[in-house]
Amino acid sequence: MRAKIEVFLKSGVLDPQGETIKRALHTLGYESIKDVRQGKVFYIEIEDDNPEKTIEEIARKVLANPVIEDFKWEIEK
Amino acid sequence: MGNRKVKFGVVVYPGTNCDRDTYHVIKEVAEEEAQYLWYKDTDLKGSQVVILPGGFSYGDYLRSGAIARFSPIMKAIREFAENGGLVLGICNGFQILLEAGLLPGAMLRNRGLRFICRFVDLTVENDETPFTLLYKRGEKLRIPIAHIDGNYFATPEVMAELEKRKGIIFRYVNNPNGSLHDTAGIINSRGNVLGLMPHPERASEALVGSTDGLRMFLSAAKFVRES
Amino acid sequence: MIDKKLLEEHNLSEEEYTKIKDILGREPNLVELGLFSVMWSEHCSYKSSRIHLAKLPTKGKYLIQGPGENAGVVKADGKAVVFKVESHNHPSFVEPYQGAATGVGGILRDVFTMGARPVALLDSLHFGPLSKPANRAIMEGVVSGIAGYGNPVGVPTVGGEVDFEEEFSHNPLVNVMCVGLTERDRIFYARAGEPGLSLIYAGAPTGRDGIHGATMASAEFGAETEHKKVNVQVGDPFREKLLLEATLEVMEKDLIVGIQDMGAAGLTSSSSEMASKSGVGVELYLDNVPLREEGMTPYEILLSESQERMLMVAKKGKEGEIKSIFDKWGIDSRVVGKTTDDKRFRAIWKGKIVADIPVDSLAGDSPRYNRPYVIPEKDERLEDKWLENRDWGQVLKKILNSEHMASRHWVYEQYDHMVQINTVLLPGLGPAVLRIKGKTSGIALTIDANPAWGRSDPKKGAILTVAEAFRNLATVGAEPLGITNCLNFGNPEKPEIMGQFVETVEGMKEALEFFGVPVTGGNVSFYNETEGKAIPPTVTIGAVGLIPDLSVLPRPEKVKEGDWIYLLGWTKRDIGSSVYLKVIHNERGGKVPDINLENEKSLQGEIIRLVREGKVSFAFDLSPGGLLPNLSEALFSIGKGATLRVETDLEEVFYLFGESPSRAIIISPYRISAKVPVLKIGQIRGDELIVYLNGKKILQEPLNTIKKGWATYFNRLFDR
């Protein structure tokens, strides 16, 4: 099965890349864009009896830095 | 103890690229003893000061420093630090110490989103640490930076705590990367683990532009010799 | 069945196909056709350039290894300096970031396969004007690609140049030079030794990257460039760094006979070239090659240009030791073949022979052509309207605030230019200077190209470029040890392009023979054309020099208030192909300056003498831009002002903005005399630039005001 894990900066943390993309979109005329947050997506192939536990664990311990990042995941079966 | 040389351990992770520079400065310029510590090692081979040098451990592929903190040697470094051993993280080494939780906070991408390599001016904020005892508080240093993820971030509570205990050791005179409180280097509350983004090993010989960084290594050696 | 269409897809002519059939005594199969196609491509075989390149001088008193290896080698103060420049023009147009990044990766491997630790990178970059957003995107991608690869590997990018001409809009030039240092008895070559040795593959697994990249670099671009993106290779600097350390360790332990990087035409070129050079054959077991993708065919495995791969020939019985070193660094390594005694190139896949070719026909005996050429007409104009007097203060600021002259710090601060802590002079002015640890000496490095000269007069342009590179070295007291070169041209099948090439090589030959400096290697990049429009002929010269004693090195920090400013050399009526004409008159042609090589040589000799006598606080040559812009740049670095009093009987523009070669400025507290014309033209003073011309004050302004536009030009364009 495949797990999809999204990692993104916490809402209080400045996201310089997202800010820059937002400014660029505004320059291109997309004034309707109010906010951009850039994140990462991991696709992980996993064979495990308890995939939820493993995925939650690696997301928390490795893929995201809890000081600045949040994450969410889903398992596609 | 007399003039016995102090033994510095320079940790090499896959992708570390300032290990040889740091080794050179310790051995040839500071004239102390230096040895490499491989990331798969499980002991520090009698090192009295441990340096995590700059570079791109694991290519910085997940986040700067994120993978290196899981390497076997980290357990030994953690124990060493818990026992009061001196640990100095430079640039990527600082990022690893943050990821490992040995220092508080995290690094974001530079405000300008670009890699920056240039000499910058720093002020010494605290001259009572083992790494800064040969500096004077308020002294201005010229030391280069070279990073893309050097924008220091921590929660307001952590920043307040850092300020209160004089944990910010170096500040940028002109903030190059967006770091909170112009932070260029911090120390843990016990005062034995220092991380900084500027490269003192690149500022240890006049021929390559500055000698302002050398005293960081000399301070650590002096501290070890006298304790 | 091999038909005309298939031959066309492989860039092979009917004539070449007939030759292939003669060699094999039969029709080739598709795999073999692919091998010939790539190995006989312009990129791999130099078929159009070889007979001309053979004219260049390749001997010199410092030479250790000339052309024909992965890189050239010269000796410097008991050490060996390994260096080479290579182009990655086409890939950088298709995908600027990855094109430039993999260009850096490739040239690094060329140097460390020779046994040298890379100590410096330099690059010569040419783009279309930045007024066009597309050109800005290319430049931004290229610069971050160089940074994104060079920085993690830990090799400083210490110097280079960036310039702009309209013709580069569709064909940017990305020429990257790498310099390495090693001991003189520790140099490794592309050799296969004797029959019966194992071929070891180390590095990244093979994917479908860049299949036919080499033939892509040997054809013009059309409008369909977009779909060629599938050919782009992706670089992995982290793996390169590990491969570098592991390879150097294998060499240190003396475990291999020979080694070559798998660059263009990958496994095929590396194995066949090593075998051919050693007079042996090679047998490849394609089932042993580590693969990244499923279902790869022998054709793809043999021709893949996946990055970060090395092929080496093990010393007998050392296979296990080699493997354990690569294992330590986390790099996959496998035996993928062996050397044989039958001088055949044979590939075996799933128990079947899929290619069987005489190895020399792929590597050594590829076709070579004497293509027809016509000598191009020179642009010899010198128009009166170019000589009119203007408000020279305004002109100076306009030139400094142009893409041709503005400060490049936006570029080089993205590169780690200090790692390895050998960088003695920061980038931005003059040549790069590196110390050699443990010695008092240093090496000076420069990379120079001036397409504007090539456009008006390719031969003279080549002579001037060589002279400029050496003059650059002279300003830090270095004499040249050798050069590497990159020749960038349009389609050589067009006689006028071939004529530019022939003229350029003639010019290089003349200058190099005069100076007694050898070519140690380099590369030729043809087909820099899009929709029939070619780039101006551009010769890039990378030069390495030796500085015996760094303690007397001139540097901006040594300049003191009251130091004298001397102009050495000959100022003549030279304004053609200048920055002044480009910026002020929007004119990109005109007569290229004449150069007297005897004068040039005595000038360089005198600068070197004065520097080595310790009389020089700072020195720089007068390069594109001319006296006022070049002096201003130097003053910005020095951080002090100056007062100039100059007298001339020429039109004023020649003195202030003309680009006569064979000139330099020396700043010194001493009285200077030399065997070339020396004029004391001013003094370091205050924080203003004040200029009197024939007794009349033409400029008085604070240095900071003049500096402003110059310092922020690229930030204003890119950091918004």
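Protein chains in written order, with the working numbering: chain A, 15 to 91; chain B, 44 to 270; chain C, 252 to 971.
Just so you know, even glycine gets a beta-carbon here, dropped at the ideal spot from N, CA and C.
Can you tell me which of the options puts its alpha carbon nearest to the alpha carbon of residue i?
i, options, result
"Val-185 (chain B)", "B:Tyr-104, B:Phe-213, B:Ile-110", "The question names Val, yet the displayed sequence has Arg at residue 185 (chain B). Ranking B:Tyr-104, B:Phe-213, B:Ile-110 by Cα distance to Arg-185 (chain B) puts B:Phe-213 first."
"Phe-162 (chain B)", "B:Ala-246, B:Leu-131, B:Ile-133, B:Lys-209", "B:Ala-246"
"Gly-767 (chain C)", "C:Gly-783, C:Gly-796, C:Gly-733", "C:Gly-733"
"Val-625 (chain C)", "C:Gly-356, C:Ala-606, C:Gln-751, C:Lys-594", "C:Gln-751"
"Glu-744 (chain C)", "C:Lys-298, C:Arg-277, C:Tyr-268", "C:Lys-298"
"Lys-18 (chain A)", "A:Ile-58, A:Ile-82, A:Lys-67", "A:Ile-58"
"Pro-746 (chain C)", "C:Leu-638, C:Val-355, C:Tyr-620", "C:Tyr-620"
"Asn-539 (chain C)", "C:Ser-584, C:Leu-633, C:Ala-367, C:Phe-577", "C:Ser-584"
"Val-427 (chain C)", "C:Gly-410, C:Phe-419, C:Tyr-440, C:Leu-797", "C:Gly-410"
"Ile-977 (chain C)", "C:Lys-569, C:Gly-486, C:Leu-647, C:His-421", "Residue 977 (chain C) lies beyond the range of chain C shown here (252 to 971); nothing can be said about it."
"Thr-364 (chain C)", "C:Val-508, C:Glu-664, C:Lys-594", "C:Val-508"
"Glu-923 (chain C)", "C:Val-862, C:Ser-888, C:Thr-956", "A quick correction: the sequence has Ile, not Glu, at residue 923 (chain C). Ile-923 (chain C) has its Cα closest to that of C:Val-862, out of C:Val-862, C:Ser-888, C:Thr-956."
"Val-810 (chain C)", "C:Ser-919, C:Val-394, C:Ile-302", "C:Ser-919"
"His-655 (chain C)", "C:Arg-490, C:Ser-868, C:Gly-877, C:Val-564", "C:Gly-877"
"Lys-566 (chain C)", "C:Ile-582, C:Val-501, C:Pro-627", "C:Val-501"
In three-state terms, what does DSSP make of residue i?
i, result
"Met-44 (chain B)", "In this prediction, Met-44 (chain B) has a pLDDT of 48, which is less than 50 and means its spatial position is unreliable; what the coordinates show is noted afterwards. Coil at Met-44 (chain B), not helix or strand."
"Leu-804 (chain C)", "coil"
"Thr-34 (chain A)", "helix"
"Thr-85 (chain B)", "coil"
"Lys-649 (chain C)", "helix"
"Cys-295 (chain C)", "helix"
"Glu-412 (chain C)", "strand"
"Tyr-268 (chain C)", "helix"
"Thr-364 (chain C)", "coil"
"Lys-688 (chain C)", "coil"
"Ala-515 (chain C)", "coil"
"Thr-41 (chain A)", "helix"
"Arg-706 (chain C)", "helix"
"Tyr-452 (chain C)", "strand"
"Asp-642 (chain C)", "coil"
"Ala-263 (chain B)", "helix"
"Met-502 (chain C)", "helix"
"His-660 (chain C)", "helix"
"Thr-963 (chain C)", "helix"
"Phe-196 (chain B)", "strand"
"Gly-856 (chain C)", "helix"
"Met-150 (chain B)", "strand"
"Val-834 (chain C)", "helix"
"Lys-480 (chain C)", "Unreliable positioning characterises Lys-480 (chain C) in this predicted model, as indicated by a pLDDT of 44, which lies under 50. A coordinate reading is not provided."
"Ala-246 (chain B)", "helix"
Cβ of residue i within 7 angstroms of any heavy atom in the ligand ZN?
i, result
"Gly-127 (chain B)", "With respect to small molecules bound, the structure shown includes none, and the ligand ZN cannot be examined in it."
Quickly, what does DSSP pair residue i with across the bridge? List them, please.
i, result
"Trp-87 (chain A)", "A:Ile-19"
"Lys-335 (chain C)", "C:Cys-429"
"Phe-213 (chain B)", "B:Val-167, B:Gly-228"
"Arg-839 (chain C)", "Arg-839 (chain C) is not bridged to any residue."
"Cys-737 (chain C)", "C:Asn-774, C:Thr-791"
"Cys-160 (chain B)", "B:Ala-189"
"Ala-785 (chain C)", "C:Glu-780"
"Pro-972 (chain C)", "The structure shown has nothing for residue 972 (chain C), since chain C only spans 252 to 971."
"Pro-318 (chain C)", "C:Glu-320"
"Arg-63 (chain B)", "In DSSP, Arg-63 (chain B) forms no bridge with anything."
Could you round the C-beta distance between residue i and residue j to whole angstroms and report it? I think they count as a contact, below 8 angstroms.
i, j, result
"Thr-697 (chain C)", "Leu-724 (chain C)", "6 angstroms"
"Thr-716 (chain C)", "Ala-700 (chain C)", "6 angstroms"
"Glu-75 (chain B)", "Gly-108 (chain B)", "The pair is not a contact, with the Cβ atoms about 26 angstroms apart (cut-off 8 angstroms)."
"Asp-460 (chain C)", "Ser-555 (chain C)", "6 angstroms"
"Ala-598 (chain C)", "Glu-524 (chain C)", "Actually they do not touch by this definition, with Cβ atoms about 15 angstroms apart."
"Glu-754 (chain C)", "Pro-709 (chain C)", "4 angstroms"
"Leu-151 (chain B)", "Leu-28 (chain A)", "7 angstroms"
"Val-55 (chain B)", "Ala-77 (chain B)", "About 12 angstroms separates the two Cβ atoms, so there is no contact after all."
"Leu-535 (chain C)", "Ser-522 (chain C)", "6 angstroms"
> Going along the chain, which unbroken runs of the beta strand (DSSP E) with 3 or more residues stay wholly within the segment 516-565 of chain C?
Replying inline: 532-536, 560-565
Would you list, in chain order, the members of the segment 661-674 of chain C that have their beta-carbon closer than 9 angstroms to a beta-carbon of chain E?
Judged by its chain identifiers, the structure shown contains no chain E, and its protein chains are A, B and C.
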